[in-house]
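Per the working numbering, residue 72 is the first one in the sequence shown, and the count goes up by one each step.
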Amino acid sequence: MSENLIEFDTLIPHMGGCGLYQIGLCIMLWFAVIFFAMVDFNQVFMVAVPEHWCSVPALQGWNLTLEQTKNLSIPWEEKNEELLRSRCEMYAINYTHLLASLSSADSIDALDQSNWTTSKCQHGWEFDKTWYDSTIATEWELVCDKQWMGSFSFSMLSAGGILGTIVFGYIGDK
72 MSENLIEFDT
82 LIPHMGGCGL
92 YQIGLCIMLW
102 FAVIFFAMVD
112 FNQVFMVAVP
122 EHWCSVPALQ
132 GWNLTLEQTK
142 NLSIPWEEKN
152 EELLRSRCEM
162 YAINYTHLLA
172 SLSSADSIDA
182 LDQSNWTTSK
192 CQHGWEFDKT
202 WYDSTIATEW
212 ELVCDKQWMG
222 SFSFSMLSAG
232 GILGTIVFGY
242 IGDK
């Protein structure tokens, strides 16, 4: 049985090798495939989650810097042995009453926040726009409890590609 098998590499020279037809076919397929690759890899940028923190509308009219706003409203938490600002929690206090009782914005840094309670973000999030102006994650607020949705959408895109390849490959062979 193995004596009748011909290796593919021995057939290529008899078929004319790599000519203009083969090069043209590769170029045409490259133009078609490049758009599919853009759709698949564009998902990585569309679902990117930039740095974010809780939005606290009560602090917006007080002429505070971004750092002062974060110091006043966002608690610290330890992640991987590193102290970072929380992305999903804020202090649950009456900010208007607190700021009205302070003498100056400089005294914000001296506040003792150790006994302040925290809660999940109540008014949405603010996003760092250094790298991305807008992504699906920022538009639909796919952060914290909804962060799994971005990964799930990418998984469904991949599963659809696999299923489509099988189904339409079968249909194309008919």
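Using N, Cα and C, we set each Cβ at its ideal position, and we do this for glycine too.
Nearest-angstrom Cβ-Cβ length linking Tyr162 and Gln184, presumed shorter than 8 Å: Numbered from its first residue, the sequence shown carries residue 162 at position 91. Numbered from its first residue, the sequence shown carries residue 184 at position 113. Indeed they touch by this definition, with Cβ atoms about 7 Å apart.
Straight-line gap, Gly213 to Phe102 (C-alpha atoms, nearest Å): Here residue 213 corresponds to residue number 142 of the sequence shown, with the count starting at 1. Here residue 102 corresponds to residue number 31 of the sequence shown, with the count starting at 1. In the sequence under discussion, the amino acid at residue 213 is Leu, which differs from the Gly named in the question. For Leu213 and Phe102, the distance between alpha carbons rounds to 33 Å.
Ranges of the alpha helix (DSSP H) found wholly within the segment 123-200, counting only runs of at least 4: 137-144 and 166-172
C-alpha distance - Phe223 paired with Pro84, whole-angstrom precision: Locating residue 223 in the sequence shown gives position 152, where the first residue counts as 1. Locating residue 84 in the sequence shown gives position 13, where the first residue counts as 1. So the alpha carbons of these two residues sit roughly 48 Å apart.
Proximity of Cys159 and Cys97 at Cβ, strictly below 9 Å: Here residue 159 is taken as the residue at index 88 of the sequence shown, counted from 1. Here residue 97 is taken as the residue at index 26 of the sequence shown, counted from 1. No; because the gap between Cβ atoms is not below 9 Å, this pair is not in contact.
Proximity test, Cβ basis, 9 Å: Ile77 and chain B: No chain B appears in the structure shown, which is made up of a single protein chain.
Buried or exposed by the 16-neighbour rule on C-beta atoms within 10 Å, applied to Thr140: The residue you call residue 140 lines up with position 69 of the sequence shown. Thr140 should be labelled buried.
Reference Ser229; option with closest CA among Ala181, Val115 and Gly87: As a first step, residue 229 is located in the sequence shown; it is residue number 158 there, counting from the start. Nearest option by C-alpha distance: Val115.
Alpha carbon of Ala171 to alpha carbon of Ala129, nearest angstrom: Position 100 of the sequence shown, counting from 1, holds the residue named residue 171. Position 58 of the sequence shown, counting from 1, holds the residue named residue 129. Looking at the two C-alpha atoms, the distance is approximately 11 Å.
Rounded Cβ spacing between Ala181 and Val120 (contact assumed at less than 8 Å): Position 110 of the sequence shown, counted from the first residue, corresponds to residue 181. Position 49 of the sequence shown, counted from the first residue, corresponds to residue 120. Incorrect: roughly 33 Å between the Cβ atoms, too far for contact.
Proximity winner among Asn142, Leu169, Leu100 and Ile164, relative to Ser157 (alpha-carbon distances): What you label residue 157 is simply residue 86 of the sequence shown in a count that begins at 1. Checking every option, the nearest Cα to that of Ser157 belongs to Asn142.
Distance CB(Gly221)-CB(Val118) smaller than 9 Å: Locating residue 221 in the sequence shown gives position 150, where the first residue counts as 1. Locating residue 118 in the sequence shown gives position 47, where the first residue counts as 1. Yes.
Boundaries (first-last residue) of the alpha helix (DSSP H) holding Gly221: Taking the sequence shown and counting its residues from 1, the one referred to as residue 221 is at position 150. Its alpha helix (DSSP H) spans residues Trp219 to Asp244.
Straight-line gap, Thr188 to Ile145 (C-alpha atoms, nearest Å): Here residue 188 corresponds to residue number 117 of the sequence shown, with the count starting at 1. Here residue 145 corresponds to residue number 74 of the sequence shown, with the count starting at 1. When rounded, the distance between both Cα atoms is 11 Å.
Backbone secondary structure at Pro121 - three-state DSSP: Residue mapping note: residue 121 aligns to position 50 of the sequence shown, counting from 1. Here Pro121 sits in coil by DSSP.
Reduced DSSP secondary structure (H/G/I, E/B, other) of Val214: Along the sequence shown, one-based indexing puts residue 214 at 143. In the structure shown, Val214 sits in coil (DSSP, three-state: anything other than H, G, I, E or B).
For Asp80, three-class secondary structure by DSSP: Taking the first residue of the sequence shown as 1, we reach residue 80 at position 9. It is helical.
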